[in-house]
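Numbering (the UniProt record's numbering), first residue to last: 1 to 536.
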Amino acid sequence: MEVCYILEVDVNGEEIFLVDKKTLSSFSDRLSKLFGDLTDGSRKLKVIFDNFPGGAYGFELMARFCYNNGTIEITPSNIVLLNHAAHYMEMGSNSSAKLNLVDQTEKFLEGINYWTWSELLQALKLCQDLLPTINSSFLLDKVLDCLVRLTLPTMASPFTCSSNNSSFQFSCDTSSTCSMRNNWSQTTWWFEDLLVLNVNSFDKVIRMMMSQKLDHATIFKFIVFRLKSRYFSVTESEKCKITELAINLLSLLDRSSLSCRGLFDILLAVSRLKNISNFYALKLERLVGSMLDQATLDHLLVPSPHRNHHVYDVNLVLRLFKAFFLEGSTMSQNQRRKVASLMDSYLIEVAPDILLKPSKFAALIMVLPDSAREFSDRLYQAIDMYLQVHVQLCEEVKMRLCSFVNHDKLSAEASKHLAQNSNFPPRSTLKSFITQKSKLNSLIHNHLSHFKVSSQSKFHSNAMEEQEGFDQILNYARKHGHSKEIDNLETRLQGMQKKVTELEKVCTMMHSEMSSVTKSRLHGPGKARSLPKLCS
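Dropping the structure here:
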């Protein structure tokens, strides 16, 4: 009498099945190798699976196949579980069964091109849930490839009958997900359905779309759409992850396909994330900065993360404008003029901010070269407004801000207004201030150049001259009221004097050592050689 071995199977701790070992082993090499030929009298066996694909339902499908003598109805809704279970249980071509499950499922997958959109989405969700298990990546790639082909505008929509002329056929599916809106275009109907993509699948899909030559503008819209949609349902760390991936993918797209508004939407989202990588944040800023000629004032009015410093994020705007001018020769004069006009609009907007420090306001002005501005009227308007609000500024700071206005680029009306403006000093006074500042900068530059040369030659004879030069610069600066420059200059000059003193000590020590060596050589045997004169 043939012995019947009952096999107790614990599937992922979800459910326990009692099955016939021989029935399952005849189709599964994994069970066959596990138990081999049992000769003892034990009839009760147990096996525990901790990561069976699809859990209890996946095992039930596999067992049904075995008990039906290698037959089961394979459909798009169960193909993923059956295929994964077949590989997990080693029910492939190496098994003793003629009708192995791996071959049957893979033969069914040959008709994946005829699946409906909803069937592909269902398969996609199952593949993502089962990752990372045996062969899931292969099946996932096949599903994603079919989905990407369907998004191409030349393909028939899954909501309409397939074309007879197309080698890639898709049947009508009236029961498909009704996420497509009637007013959506034929190029974006799939956006909402593909929100189910996880991070890895999303990365694969975008790269597949690019390889299939899908319009980059459509890809960009989808990236922005997904980013906005997912932000409301994920954690902070997940937001950082999907945002960093989006930024990385954006850099692969053609610049002409990018929307300035969409980029600023992403930039605004990034400004709210605390833990995003600086590498990706700067990468996005460089990308946005390179397109500033397409931006509007509303785009730049990003709230400051530190409201106690200023209302708008001035530091972000400074970085964006620096990124634009890093493009250098690639920017036309027309683009530069547009960006200059944008900055002047921004200056007028932020000028009334009582918290905006003059150093930041000046930095915004100086980030643009004067050549970028065709006219100075709006710059003058912004500075005038800033001076009216910040009445507590000292005369030196006011003078410095006023000096940024190029009088030669003012219109007749603006020049007339400036002449009667009590906030602005007379033109002769302002010109004198600019001349004095230019002389001071020139004096410092010339003296520093002289110091570099003299520091490489003689020190003893030049020490007093250096001190006199330092005093001359400081006296000139004090005489003409450059208090801020004096503070910075004294610090730099003190450091120079310290270096001079140190070098004098080294030179004295070297001179002493060289003298003693010379004397010993002169009184020693052999011919005396003259030594190079290092210091004198």
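Quick reminder that beta carbons are idealized off the backbone N, C-alpha and C, glycines included.
Original post:
Just checking, does the segment 233–247 make contact with the segment 274–284 on the three C-beta pairs under 8 Å criterion?
Top reply: yes
Subject >> For residue 192, the three-state DSSP class (helix, strand or coil) >> reply: coil
Original post:
Where does residue 344 fall in DSSP's three states?
Top reply: helix
**OP:** Output the boundary residues of the beta strand (DSSP E) element that contains residue 49.
**Re:** 44–49
Subject >> Reduced DSSP category for residue 231 - H, G, I as helix; E, B as strand; rest coil >> reply: coil
Original post:
With 16 as the cutoff for other CB atoms within 10 Å, does residue 589 come out buried or exposed?
Top reply: Residue 589 is absent from the structure shown; the chain starts at 1 and stops at 536.
Original post:
What does a CB cutoff of less than 7 Å around residue 281 pick up in its chain, not counting 5 residues either side in sequence?
Top reply: 270
**OP:** Could you check the C-alpha separation between residue 9 and residue 188 for me, to the nearest Å?
**Re:** 47 Å
**OP:** Determine, using beta carbons only, whether residue 353 and residue 382 come nearer to each other than 8 Å.
**Re:** no
Original post:
For residue 274, is the beta carbon positioned less than 7 Å from some heavy atom of the ligand ZN?
Top reply: Of the ligands one can find in the structure shown there are none, so the ligand ZN has no counterpart to examine.
**OP:** Can you tell me which of 410, 70, 326 puts its alpha carbon nearest to the alpha carbon of residue 291?
**Re:** 326
Subject >> Cβ neighbour criterion (16 or more within 10 Å) applied to residue 110 >> reply: exposed
Subject >> Residues near residue 415 in its chain [Cβ-Cβ closer than 8 Å; skip 5 each side] >> reply: 407
**OP:** Can you grab the Cα-Cα spacing for the pair residue 378 / residue 348, in whole Å?
**Re:** 8 Å
Original post:
Considering residue 538, what are the terminal residues of the beta strand (DSSP E) in which it resides?
Top reply: A query on residue 538 cannot be resolved here, the shown segment of the chain reaching from 1 to 536 and no further.
Original post:
When you compare each of 285, 30, 333 to residue 322 by their alpha carbons, which one comes out closest?
Top reply: 285
Original post:
If you check the beta carbons only, do residue 421 and residue 384 fall under 8 Å apart?
Top reply: yes
**OP:** Let me know the secondary structure DSSP gives residue 282 once reduced to three states.
**Re:** helix
**OP:** May I ask which residues mark the beginning and end of the beta strand (DSSP E) holding residue 9?
**Re:** 6–11
Original post:
Is it the case that the Cβ atoms of residue 61 and residue 31 are separated by a distance below 8 Å?
Top reply: no
Original post:
With burial defined as no fewer than 16 other Cβ atoms inside 10 Å of the residue's Cβ, what is the status of residue 543: buried or exposed?
Top reply: Limits of the chain in this structure are 1 at one end and 536 at the other, which puts residue 543 out of reach.
Original post:
Skipping 5 residues on each side, what residues in its chain have a beta carbon closer than 6 Å to that of residue 380?
Top reply: 405, 414
Original post:
Do you know offhand how far residue 397's Cα is from residue 260's?
Top reply: 36 Å
Original post:
Would residue 293 be called buried (16 or more neighbouring beta carbons within 10 Å of its own) or exposed?
Top reply: buried
**OP:** Express the C-alpha separation of residue 258 and residue 211 in angstroms, rounding to a whole number.
**Re:** 18 Å
Original post:
Where does residue 153 sit, in a helix, a strand or coil, going by DSSP?
Top reply: coil
Original post:
If you count every other CB in all the chains shown that lies within 10 Å of the CB of residue 394, and 16 or more means buried, which is it?
Top reply: exposed
Subject >> Alpha carbon of residue 77 to alpha carbon of residue 122, nearest angstrom >> reply: 7 Å
**OP:** Check residue 358 in the structure and name its three-state DSSP category.
**Re:** helix
Original post:
What's the call for residue 288, buried or exposed, on a 16-neighbour Cβ count within 10 Å?
Top reply: buried
**OP:** Return the residue from the list 72, 376, 86 that minimises the CA-CA distance to residue 53.
**Re:** 86
Subject >> Burial state of residue 459 (16 or more Cβ within 10 Å) >> reply: For residue 459, the predicted structure reports a pLDDT of 45, less than 50, and the residue's modelled location is therefore unreliable. A value from the coordinates is still provided. Answer is buried; the Cβ neighbour count reaches 16.
**OP:** Measuring alpha carbon to alpha carbon, tell me which of 88, 113, 112 ends up nearest residue 101.
**Re:** 88
Original post:
With 16 other CB atoms within 10 Å as the buried threshold, where does residue 435 fall?
Top reply: Confidence at residue 435 is low in this model, with a pLDDT of 49, below 50, so its placement is unreliable and no value can be given for it.
Subject >> Contacting residues, own chain, Cβ-Cβ under 7 Å from residue 22 (five flanking each side not counted) >> reply: 5
**OP:** Rounded to whole angstroms, what's the CA-CA distance from residue 222 to residue 125? Just pull it up for me.
**Re:** 19 Å
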